[in-house]
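A.B. asks: For the sequence shown, counting from 1, position 76 maps to 237 in this note's numbering; every step adds exactly one.
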Amino acid sequence: MVKLHVNVDHVATVRQARREAFPDPVAWALAAEKAGAEGITCHLRQDRRHIQDDDVRRLRAEITTFLNLETSLEPEMLAFALESGADAFCLVPESREEITTEGGLDVRGERDRLADAVPALAASGGLVSLFVDPDREQLDAAREVGAQFVELHTGAYANATGAERERQLDRLRDAALHGRGLGLRVNAGHGLDYGNVGPVATLQHVEELNIGFAIVAHALMYGVAAAVGEMRALILHP
Ligand code: PXP
């Protein structure tokens with residue numbers, strides 16, 4: 162069975178828009194666990210635009226499933242990750258201008274930094290995954306630097322339609338098979354939503370899906386009746 166890991170970054174995006182204490186990504190993570198999430202993912206970005214250092218510490222202390230921390234290869238971020246006690250680390254590329262993670266890691270280009278980071282993170286007790294585009298060369302390189310997992314970037318699949326979506330699904334299928342053949346374990350994520358998740362959830366060898374934005378957006382949309390109704394009741398019956 163494919164596992165669902167819920168990414169809570171965009172709960173923090175809403176909170177940071179007002180620098181309030183709510184909505185709290187940790188409380189949200191606990192609710193997600195209660196609803197069946199098998200793990201919680203967050204990305205501490207260097208610009209701290211959503212998740213804050215203390216959120217990671219509180220997630221570590223409070224969730225009871227599995228904490229997956231996404232991090233870039235910048236020394237400051239790696240130093241934090243090494244102390245975080247996360248169950249798994251997903252190494253991602255990060256640039257300050259991007260709205261979200263735009264592409265997979267260039268594993269070969271980053272070989273030197275990965276050769277240091279992968280064993281160091283593994284020695285801290287977590288599983289190490291590399292976020293990669295579904296290309297065989299990236300998987301070969303991931304194997305070479307000693308990663309246990311790859312997370313296949315599903316963004317191109319999610320953004321495509323019609324025949325191109327089928328082609329992107331074939332790329333993901335091929336990458337999952339190739340990765341498994343190399344002894345890598347395979348996760349997937351990015352851009353998955355309620356309309357496109359099905360075919361990815363049935364790909365052979367994919368163990369876990371990381372999904373964030375669509376779930377937060379869905380909760381906002383479908384939580385509106387309860388949120389307005391409760392406020393209306395408080396105004397009518399103060
Ligand atoms: N996986 C990785 C490596 C990511 O960087 C992200 C976005 O933070 C996700 C999965 C989740 O993507 P989305 O928010 O589009 O579901």
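Think of the CB as a built atom: it goes at the ideal place given N, C-alpha and C, for glycine as much as any other residue. It should be emphasised that the depicted structure is a prediction, and the values quoted were computed from it without experimental measurement.
Provide the residue span of the alpha helix (DSSP H) that contains R334, from first to last.
C.D. replies: That run of the alpha helix (DSSP H) goes 323-342.
A.B. asks: Strictly by DSSP, which residues pair up with T202?
C.D. replies: N168, N229, per the DSSP bridge assignment.
A.B. asks: Indicate whether H351 and R297 have their beta-carbon atoms separated by less than 8 Å.
C.D. replies: No, Cβ-Cβ distance for H351 and R297 is not below 8 Å.
A.B. asks: Any residue with its Cβ nearer than 6 Å to a heavy atom of the ligand PXP should be included. What is that list in chain order?
C.D. replies: With the cut-off at 6 Å, the residues found are N168, D170, H204, E231, C251, V253, T261, T262, F292, E312, G350, H351, G352, L353, N371, I372, G373, F374, A375.
A.B. asks: On a CA-only basis, which of T262, E259, L291 is nearest R272? Give me that one, please.
C.D. replies: R272 has its Cα closest to that of L291, out of T262, E259, L291.
A.B. asks: Among E255, E237, V187, which one has its Cα closest to the Cα of E223?
C.D. replies: Of the listed residues, the one whose Cα sits closest to E223 is V187.
A.B. asks: I want to know whether the segment 280-287 touches the segment 232-251 - three or more CB-CB distances under 8 Å.
C.D. replies: Yes, the segment 280-287 touches the segment 232-251.
A.B. asks: Look at D170 and H211 and say whether their C-beta atoms are less than 8 Å apart.
C.D. replies: The answer is yes: Cβ separation under 8 Å.
A.B. asks: Counting along the chain, where does the beta strand (DSSP E) carrying N371 start and finish?
C.D. replies: N371 -> beta strand (DSSP E) spans 367-372.
A.B. asks: Residue range of the alpha helix (DSSP H) that A193 falls in?
C.D. replies: Its alpha helix (DSSP H) spans residues 186-195.
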